[in-house]
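Trainee: For what it's worth, our numbering labels the leading residue of the sequence shown as -17, then goes sequentially.
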Amino acid sequence: AEQYRAISKELINAVEDRTWDGEWYTRGYYDDGQPLGSKDSDECKIDLLPQSYAAITGFFDSERTAAALKNAEEKLVDKNNSII
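#1: Assign Y11 to one of three DSSP states: helix, strand, or coil.
#2: How would you label Y7, buried or exposed, when you count the other beta carbons within 10 angstroms and need 16 or more for buried?
#3: Work out the CA separation of Y12 and R0 for me, nearest whole Å.
#4: In chain order, what residues of the same chain have a beta carbon less than 7 Å from the beta carbon of L71, not counting five sequence neighbours either side?
#5: Whole angstroms are fine: how far does the CA of A37 sit from the CA of E(-8)?
Written as structure tokens, this is what we have:
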């Protein structure tokens, strides 16, 4: 059990380190290594799935998760038209 807890922690840290772009969590990477769903992307700047995953699992940094959810709401919710 200890071994698997250690591996789990390593995996969580790797995901945290490689997917946080300073504003929110990225969705993935293109074949050329460019991030998908990054603040620096020309298209698909933010995707709700990785932000939701961070919140639902509770595995990731709580301050980052809160910022990611806030940014997702700001970027993806259109309150005037009642759509997400």
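The beta-carbon is built from N, C-alpha and C at its ideal position, and this holds for glycine as well.
Mentor: Judging by the given coordinates:
#1: strand
#2: buried
#3: 14 Å
#4: Because the chain is modelled from -17 through 66, residue 71 falls outside the range shown and cannot be assessed.
#5: 19 Å
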